[in-house]
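S.K.: Have a look at the structure that comes next, please.
In our numbering, the protein residues as written are 1185 to 1290.
Pasting the structure below:
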């Protein structure tokens, strides 16, 4: 039996889901506008495109996405290989739920 690890607040997890959804929704539009901006030669055209880019929601930026533990929702100390935070990783490895992961000793 795995002991309980403190879960992240539900609103933080939901906020992250919303950001991921917005990122996927506006990814194509943003890439298209950036390409247009690079090709535009007239300064007024660049200003118009820049204004369109600024209207895209801030939460749709890739920079705002955060890796979260799939088990606890924790946003810090997340190992990409497993998608687990360090606490959950340690517990699951000690219980033998992660094949191939062994305690280090030297």
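Every residue gets a Cβ at the ideal spot worked out from N, C-alpha and C, and that includes glycine.
#1: Is there at least one Cβ from chain D nearer than 9 Å to residue 1193's Cβ?
#2: Count the C-beta pairs between the region 1190-1206 and the region 1251-1264 that are closer than 8 Å, then say yes if the count reaches three, no if not.
#3: Assuming residue 1249 and residue 1207 make a contact with CB atoms under 8 Å, what is their CB distance in whole Å?
#4: Using a Cβ-Cβ cut-off of 8 Å (strictly less than) and excluding sequence neighbours within five positions of residue 1213, which residues of its own chain qualify?
#5: Can you tell me the Cα-Cα spacing of residue 1251 and residue 1263, whole angstroms?
#6: In whole angstroms, what separates the C-alpha of residue 1237 from that of residue 1204?
#7: Helix, strand or coil: how does DSSP classify residue 1262 here?
#8: How about residue 1287 and residue 1272: do their beta carbons lie closer than 9 Å?
#9: Where does residue 1221 fall in DSSP's three states?
#10: According to DSSP, what are the bridge partners of residue 1269?
#11: What does the Cβ neighbour count give for residue 1225, buried or exposed, with the cut at 16 atoms within 10 Å?
M.R.: According to the data block:
#1: Absence of chain D from the displayed structure is noted, only one protein chain being present.
#2: Touching, yes.
#3: Residue 1249 to residue 1207, Cβ: 6 Å. Contact.
#4: Taken in chain order, the residues that qualify are 1240.
#5: Pairing residue 1251 with residue 1263, the inter-Cα distance amounts to about 9 Å.
#6: Here the alpha carbons of residue 1204 and residue 1237 stand approximately 18 Å from one another.
#7: In the structure shown, residue 1262 sits in a strand (DSSP, three-state: E or B).
#8: Inclusion of residue 1287 and residue 1272 in the CB contact set at 9 Å is not warranted, their separation being larger than that value.
#9: When DSSP states are grouped into helix, strand and coil, residue 1221 belongs to the helix group.
#10: BP columns for residue 1269 point to 1262.
#11: With fewer than 16 other Cβ atoms within 10 Å, it is exposed.
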